[in-house]
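Heads up: the sequence shown is residues 288 to 368, going by the numbering used here.
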Amino acid sequence: MLHPGDITKIDKGLFVNSLHWNVNIEKNYIFSELINPIFQQSGDQIQVRLSVKYLDETTQTTQISQYVVTLEKDTNWIIVE
Numbered sequence: 288m289l290h291p292g293d294i295t296k297i298d299k300g301l302f303v304n305s306l307h308w309n310v311n312i313e314k315n316y317i318f319s320e321l322i323n324p325i326f327q328q329s330g331d332q333i334q335v336r337l338s339v340k341y342l343d344e345t346t347q348t349t350q351i352s353q354y355v356v357t358l359e360k361d362t363n364w365i366i367v368e
């Protein structure tokens, strides 16, 4: 069972590292920041809607990508969808 405090323990590193490996990013983007993550609990999982701001090194422009991911806690939080 999840407790409300568990959500605040989710580290932005989870999103940065996992999205890097789980999402096909075709350009050389540098992570800048998470924008407005919204957490919604459903059973033992948490669905997160968030935007991630990247800097495109080639064009020196900002790229914002939107994601919907499902988190589940094993030993640590992991992205399952």
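C-beta: ideal position from N, C-alpha, C; glycine also.
Please list, in chain order, all residues of the same chain as residue i whose beta carbon is under 7 Å from its beta carbon, the five residues on each side excluded.
i: Tyr316; result: Tyr341, Leu342, Asp343, Gln350
i: Trp308; result: Its pLDDT being 47, under 50, Trp308 is placed unreliably in this model, and the value from its coordinates should be taken loosely. Excluding sequence neighbours, Trp308 sits near nothing in its chain.
i: Gln334; result: Gln327, Val355, Thr357
What does a CB cutoff of less than 6 Å around residue i pick up in its chain, not counting 5 residues either side in sequence?
i: Arg336; result: Ile325, Val355
i: Thr348; result: none
i: Val367; result: Thr357, Glu359
Would a C-beta distance cut-off of 8 Å place residue i and residue j closer than the cut-off?
i: Leu358; j: Gln332; result: yes
i: Ser319; j: Ser338; result: no
In terms of DSSP beta bridges, what is residue i paired with?
i: Gln334; result: Gln327, Thr357
Cutting at 8 Å between CB atoms, please list the residues of its own chain near residue i, excluding the five before and the five after it.
i: Ile322; result: Leu337, Ser338, Val339, Lys340, Ile351
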